[in-house]
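Counted the way the numbering used here counts, the sequence shown spans residues 1354 to 1858. Every residue, glycine too, gets a C-beta built ideally from N, C-alpha and C. Quick caveat: nothing in here was measured; it's all calculated off a predicted structure. Here's the structure, in structure tokens; my notes come after.
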Amino acid sequence: MKQFFSILFIALFAINASAQDFTVDGINYNITSANTVKVTPKTPKYFGNIAIPSSVTYNSITYSITSIGDEAFRYCSGLGSITIPNSVTSIGFFAFQNCPDLTSFIIPNSLTFIGDGAFIDCRGLKSIIIPNFVTSIGDGAFSYCKGLKSITISNSITSIGDSAFHGCTGLTSITCNAVIPPALGTDVFDDVPKTIPLYVPSISVDAYKATAQWQDFIVTALPCTAASNMLVNNRTTTSAKLNWDANTGATAYMLRWRVKKGPGQWSYANLTGSETNYTMYGLTQETEYEYQMRTFCGSSYSAFTDLATFWSAYGCGTPTGLTSYAVDKTSGVVKWNGVGGATEFLLRYKKQSDVNWSYIWKLGSEDRQQLGCGSCNIADQLTPNTTYEWQLRAFCAIDRSRFSTFTDIQTFTTLVAKSNNELVFNKNVGEETMEIYPNPAQDIVVIKNYKLQITNGVKVYDVTGRLQSVKMLTNGNTLRIDVKGLSQGVYFIRSNNGFGKFVKE
């Protein structure tokens, strides 16, 4: 023990005082990089209640305060409380040595390093909680803190230095959340009462009982506590994601949820103790659900959390009026009714014999889509004499979080290529392709052809070769054909000097 403190005080006197670079609001700072500073000692000593900001501006440069420097508050007997921001990641050697009036101190969650002798002889401290990102506690860090009643050591701690808690005679309990007992230096708990409880994760009781120095205490399993900070987000019409904080000592979780109204039957998910989120699927849109969780810690377990609720996202109307028309041997048009509030549609189609779908996104203002093509790359064409399936889903949010279910599967069958019933037009020498508009058409088709002077010989056929009865009216070089009486589909026009094709909607 004497050897440790001899080394400790030799190190103390070997520390060089940092130069004071600037002072703001009574706190001295030393520049450590282009945008960071540390807090340094000052004369006269710091006094009263000190609140360290997360950043400070000097000479028009803003610095982040990332460290409490070595000896920064050493021997500040009038220091009552100190607030340290989450920007601070380290507390230097002997930073708060012998601050007897320091009674309130919260170690920030950002802290990763506690130096040797950091709080030595701070007799006014009542409790200390070591945050989750600290991995080691320096030699003598809390020695002679005789007012300490409890210490809580995080599950991130892997080692504790020599005499770290030596002389903490007032301790009444120690809690260590580390599943694996942290490695201990010499005399870590020298002069600490050994009749006090040491609370550890239930799965680690035997390990602590078998480890030197830890085994000197009354090793007791921590109670298995329920999950905390449970929050539902990423809600869609059919799913919701639940997040919660990690629970030290947890070996498993049981999550259950159900429709609140009724109520419905529970759905369950059994999860490992390392998980901190889970997505609940199979929800119904615009429905209120309730959920709760139980934590398991080895053979013990917590009560279920109180029931909490959430709503699944409100959805989107399912498209109606699905139909197909203008189906040819290598193409077809599918159509649907608009959906109020739709931002997009997702159309998928495939051969009835296939497994995988092809997908097409459409704007919410659109109501039809041609599949395949006529005169185009063969790879883009549909296969003749083949049954195709198609479905549609509506989306009513730009982020696609609200959507309908897919419609029932619809089908259409492409025509047989070059069958006896199919009318095939061949361009003969001297024939000209007709200029037809609008195309597709609903009421009137207009043909412009300078050689076309009479309606005799102008014929309209469907795709099976059947002649159609239509009214025609000429006006100079323009021919108007009344197609209101035709069914939806593909039609061909032939004359003595031309041919063409149009789609009737």
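Contact test: residue i Cβ vs the ligand ATP heavy atom, cutoff 8 Å
i	result
ASN1690	Absent from the structure shown: the ligand ATP. Ligands present: none.
Residue i to residue j span [Cα, whole Å]
i	j	result
GLY1842	ASP1707	26 Å
LYS1502	SER1457	13 Å
ARG1833	LEU1724	29 Å
MET1787	GLN1734	24 Å
PRO1484	PHE1447	19 Å
GLU1742	ALA1666	29 Å
ALA1560	GLY1422	37 Å
CYS1749	LEU1584	25 Å
ALA1695	GLN1618	33 Å
GLY1433	ASN1530	29 Å
MET1646	GLY1602	16 Å
PHE1472	LEU1455	10 Å
GLY1510	ASN1402	The residue asked about is misnamed: residue 1510 is Ile in this sequence, not Gly. Each residue's Cα considered, the two are about 29 Å apart.
LYS1854	SER1822	16 Å
TRP1597	ALA1605	13 Å
VAL1553	GLN1744	57 Å
PRO1461	VAL1487	10 Å
SER1463	ILE1437	10 Å
ILE1504	ILE1481	5 Å
GLU1424	ASN1381	12 Å
SER1516	PRO1546	14 Å
ASN1779	SER1848	Confidence is the limiting factor: at ASN1779 the pLDDT is only 40, short of 50, which leaves the residue's position unreliable, though a coordinate-based value still follows. If I take the Cα positions, the gap works out to 12 Å.
ILE1571	THR1564	13 Å
THR1676	ILE1762	11 Å
Beta-carbon proximity check, residue i vs residue j, cutoff 9 Å
i	j	result
SER1754	CYS1726	no
LYS1594	ASN1587	yes
ALA1616	LYS1682	Sequence inspection shows Pro at residue 1616; the Ala mentioned does not correspond to that position. Cβ atoms of PRO1616 and LYS1682: not closer than 9 Å.
THR1589	LEU1636	yes
VAL1687	PHE1756	no
Burial state of residue i, where buried means 16 or more other Cβ atoms lie within 10 Å
i	result
SER1512	exposed
GLY1493	buried
ILE1444	buried
PRO1336	Since the first residue shown for the chain is 1354 and the last is 1858, residue 1336 is missing from the structure and cannot be characterised.
CYS1521	buried
ARG1819	exposed
LEU1839	buried
ASN1439	exposed
ALA1770	exposed
VAL1441	buried
PRO1397	exposed
For residue i, the three-state DSSP class (helix, strand or coil)
i	result
VAL1532	coil
VAL1799	strand
TYR1561	helix
TRP1610	strand
SER1555	helix
GLN1568	helix
ILE1731	helix
CYS1650	strand
ASN1828	strand
ALA1794	strand
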